[in-house]
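Count the sequence shown with the UniProt record's numbering and you get residues 1 to 269, in order.
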Amino acid sequence: MEHYLENMKTLRSYVNDVEEEAVKRSAEEQKQRTAIVALESDLNLVRSETKQLNEEAEEMLKKKAVVGLEIAEKQRKITSLQTECSTLKQTLELLHQEIASMERILKEKRSYYKKAEEELNYKLQEQQDWFHSHTQKMPVNIEPVENIPSMQGSIEGSMDCALHLQVLQMTEKQKELTIQLESTKLKMEELETKKIALLSENCRRELREMDLSALEAEHNALLCDKSGETEYTESLQDRINQMKGISDTVECRCGEKYKVELELAGEVI
Numbered sequence: 001m002e003h004y005l006e007n008m009k010t011l012r013s014y015v016n017d018v019e020e021e022a023v024k025r026s027a028e029e030q031k032q033r034t035a036i037v038a039l040e041s042d043l044n045l046v047r048s049e050t051k052q053l054n055e056e057a058e059e060m061l062k063k064k065a066v067v068g069l070e071i072a073e074k075q076r077k078i079t080s081l082q083t084e085c086s087t088l089k090q091t092l093e094l095l096h097q098e099i100a101s102m103e104r105i106l107k108e109k110r111s112y113y114k115k116a117e118e119e120l121n122y123k124l125q126e127q128q129d130w131f132h133s134h135t136q137k138m139p140v141n142i143e144p145v146e147n148i149p150s151m152q153g154s155i156e157g158s159m160d161c162a163l164h165l166q167v168l169q170m171t172e173k174q175k176e177l178t179i180q181l182e183s184t185k186l187k188m189e190e191l192e193t194k195k196i197a198l199l200s201e202n203c204r205r206e207l208r209e210m211d212l213s214a215l216e217a218e219h220n221a222l223l224c225d226k227s228g229e230t231e232y233t234e235s236l237q238d239r240i241n242q243m244k245g246i247s248d249t250v251e252c253r254c255g256e257k258y259k260v261e262l263e264l265a266g267e268v269i
C-alpha cells in the first residue's frame, strides 16, 4: 500500500511536470507563431518595397532613355544652329558688301547727276545767251527787206535754218537726257529689287533678332540715298521742263517776227 501511494505521488509529480512543460511549450509556440506572423508581415513589406524599387528602377531607365534622346536631339540642334549661324554670318557679310557696293553706286550716280545738272544749266544759259546775242546783233541800218524779195527769202531761209538747227540740237539733248533719266529710274528700281531680294534671301528670324537695329539703320541710310537720288531726278526733270518752255522772238529788219519755241515733241512754232 505504501508502495502504491508512493507511486501515485511520483505519478502526480510527473503529471505536474508534464503540464508545466506543456504550458511552457504552448507559450513558446505562441511566441513562435507571433514571430512567424511578424516575419511574414515584414516579408510582405519587403516584397512590396522590392516591387516598388523595381518599378522605380524601370521608370528611371525609361527616363534615362528619354533624357538620352533629348540630349542627342539638343546636340543635333546645336550643330544645326552652329551651321545656320555660320551661314547667317556669311549672308550678313554679303549684305554688308552689297550695301557698300550700292552706296558706292549711288554716290557715283549722284556725282553723275550733279555733273549732268551743271552741264544742263550751262547749256541752257548758253542757249539763252545765244538767243539774246543773236537778237541784239541784228543790223539796224539795212534797207528794208520788203523791197528786195530775193534777199528777204535768203534771210528768212538762213534764219529758219539756223533756228531749226539750234532747236534740233536742243531737242536731241532733251531726248538724250530723257533717255538717261528713264535708264536711271530703271537702274534705281533694279537696285531696289536686288536690295529687297538680298534682304529677304536666307534672312531668318535669328538674323532679324540679332542685327535688326543695324539692318534698320542701313535700310534708313539707303532710303536717304534714294531720297537724294529722287531729288536729283526731280531737279533734272524740272530743268527739262524749263528747256521745253524756252521760247524767244527774233525780229528781222524786214519786220517779220519769228517765234522759236521748244515743244514736247521737239517741234518749232
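Note that the Cβ used here is the ideal one computed from N, Cα and C, for glycine as well.
Could you tell me the distance, in whole angstroms, from the CA atom of Glu28 to the CA atom of Glu19?
-> Cα to Cα, Glu28 sits roughly 14 Å from Glu19.
Arg12 versus Leu39 - alpha carbon distance | Annotation: Arg12 to Leu39 spans about 40 Å, alpha carbon to alpha carbon.
Nearest-angstrom Cα separation, counted from Ile99 out to residue 273 = Any answer about residue 273 is impossible in this case: the structure gives the chain only from 1 up to 269.
So, is Met102 buried or exposed, given that buried needs 16 or more other C-beta atoms within 10 angstroms?
-> Buried is the call here.
What separation, rounded to the nearest whole angstrom, lies between the Cα atoms of Leu186 and Glu70?
-> Their backbone Cα atoms lie some 53 Å apart in a straight line.
Whole-angstrom distance between Arg110 and Leu124, CA atom to CA atom = Answer to the nearest angstrom: the Cα atoms are 21 Å apart.
Integer-rounded CB distance, given that Leu120 should sit under 8 Å from Leu177 = Between Leu120 and Leu177 the Cβ distance is about 7 Å, and since that is below 8 Å, they are a contact.
Is Gln90 buried or exposed, if buried means 16 or more other CB atoms sit within 10 Å of its CB?
-> Counting Cβ neighbours within 10 Å, Gln90 comes out exposed, since fewer than 16 surround it.
Burial state of Gln127 (16 or more Cβ within 10 Å) | With 16 or more Cβ atoms within 10 Å of its Cβ, Gln127 is classed as buried.
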